[in-house]
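Numbering (my numbering), first residue to last: 64 to 478.
This is the structure in structure tokens:
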């Protein structure tokens, strides 16, 4: 390798960042556009500047650091992830990818290397979707929907608006955050797996082949409001009981269709919502995930079929409405090969695997070759304070990323 990742520095950076928004139980609370999120982004920029890197931010709040190793006219290889967290989440989700990217730039600067492209580290805004899912990376790639500006403006509280402004966010100018594809040669992201496969394999890294698609629905069951004390159970048209039947049926049908499929009921509201009234209306938020559009269509059919079956069993009416659709995204073969080369160079096992969670890499794949590397999560845990990746596995991520950069430099990739 022409440059070397320093484990002592990576550990120090990890400790410093984990202290920003730290919670008493070992996690972090850094939701997008919170004071802690602003502090984390400032830490990233200050750390990069103090190390001699150029820094920038855009109108979507993305924070970047640049190492000019190929000249001002050359395109950049982008490395990174995100610094925002879910509420009361863990210290590794997203953050580790930003740290690995920053460490690779610092190591490259120390070695005074030359590459056929410049290197940039980036922290994307609101990957977790507190306001808009993948807000920063979709603004960066120009793939936000037309209604994004109005949605963001309507959802920001005065405190969140002030925090967003501190990060450079201007909801009226999100389109100005779009990066010209020709200014980039590709994107690489290190992320914790948030699952158990690598741990069950005994370690190693995951070379992600595709990011699964996510379709979301609003499923409504309509029955009749009746007195809870005077209406016998067989005579009721209980919308909540119909929803319960549906949830059980959908879970069973999903596993039977394919163990790799996922379905989740994540929200539920009941009307009129009184203990002495039989529920008349129950509304569910349903999400399905699969690695192919064909698989998602299978799941969509199951949502409709099981909703109608549950409704019929309880004398109810059921409707299913698609509310959001993100199709599966294959990741670029060249980037997969570079990460596989990196794993081999470092001496860790590399396994091809899909991602069951959404990541910024899926947005970047719309404009440039993109790759995603997983490192193990202890117990598969994530989005909670018990989220943990060992220092050794985190170091593997940074070293594989550095070796992948070298591989792409030797291939002399172009925009």
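Here a beta-carbon is modelled for each residue, glycine too, at the ideal position from N, C-alpha and C.
For residue i, which residues in the same chain have their Cβ closer than 6 Å to its Cβ, ignoring the five residues on either side in sequence?
| i | result |
| --- | --- |
| residue 262 | 439 |
| residue 365 | 316 |
| residue 332 | 346 |
| residue 93 | 84, 99, 100, 103, 147 and 148 |
| residue 471 | 401 |
| residue 382 | 283 |
| residue 187 | 125, 145, 199, 200 and 423 |
| residue 456 | 438 and 439 |
Quick one: grab the DSSP three-state call for residue i.
| i | result |
| --- | --- |
| residue 78 | helix |
| residue 129 | strand |
| residue 276 | strand |
| residue 70 | helix |
| residue 105 | helix |
| residue 64 | A caution first: residue 64 carries a pLDDT of 49, below 50, which makes its placement in the model too unreliable to give a value. |
| residue 114 | coil |
| residue 217 | helix |
| residue 86 | coil |
| residue 431 | coil |
| residue 350 | strand |
| residue 480 | The first residue shown for the chain is 64 and the last is 478, placing residue 480 beyond what the model contains. |
| residue 234 | helix |
| residue 410 | coil |
| residue 210 | coil |
| residue 449 | coil |
| residue 443 | helix |
| residue 100 | helix |
| residue 191 | coil |
| residue 136 | coil |
| residue 157 | coil |
| residue 405 | helix |
Can you tell me which residues form a DSSP beta bridge with residue i?
| i | result |
| --- | --- |
| residue 176 | Residue 176 is not bridged to any residue. |
| residue 185 | 127 and 143 |
| residue 119 | 127 |
| residue 338 | Answer is none; residue 338 lacks a bridge partner. |
| residue 393 | 273 |
| residue 91 | 85 and 152 |
| residue 344 | 285 and 334 |
Quick check on the DSSP output: the beta strand (DSSP E) that includes residue i runs from which residue to which?
| i | result |
| --- | --- |
| residue 388 | 380-389 |
| residue 417 | 413-418 |
| residue 200 | Unbroken run through residue 200 is the alpha helix (DSSP H), 198-204; no beta strand (DSSP E). |
Return the chain-ordered list of same chain residues with a C-beta closer than 7 Å to the C-beta of residue i, the five sequence neighbours on each side being excluded.
| i | result |
| --- | --- |
| residue 314 | 326 |
| residue 467 | 251, 401, 402, 404 and 405 |
| residue 171 | 66, 130, 132 and 182 |
| residue 81 | 91 and 154 |
| residue 235 | 212 |
| residue 122 | 231, 232, 233, 236, 237, 239 and 240 |
| residue 300 | 286, 287, 377, 378 and 379 |
| residue 275 | 352, 353, 354, 391, 417, 418 and 419 |
| residue 112 | 118 |
| residue 206 | 426 and 429 |
So, for residue i: in the same chain, excluding its five sequence neighbours on each side, which residues have a beta-carbon less than 8 Å away from its beta-carbon?
| i | result |
| --- | --- |
| residue 70 | 454 and 458 |
| residue 273 | 354, 391, 392, 393, 394, 417 and 418 |
| residue 387 | 277, 278 and 279 |
| residue 177 | 132 and 133 |
| residue 249 | 140, 141, 395, 397, 398, 431, 432, 433, 434, 471 and 476 |
Does chain B have any CB closer than 8 Å to the CB of residue i?
| i | result |
| --- | --- |
| residue 219 | The displayed structure is made up of one protein chain only, and chain B is not part of it. |
Starting from residue i, follow the alpha helix (DSSP H) in both directions and report where the run begins and ends.
| i | result |
| --- | --- |
| residue 331 | Unbroken run through residue 331 is the beta strand (DSSP E), 325-334; no alpha helix (DSSP H). |
| residue 457 | 454-474 |
| residue 365 | 356-376 |
Only counting runs of 4 or more residues, tell me where the alpha helix (DSSP H) segments fall wholly within the stretch 242-323, in order along the chain.
Counting only runs of 4 or more, we get 260-263 and 302-320.
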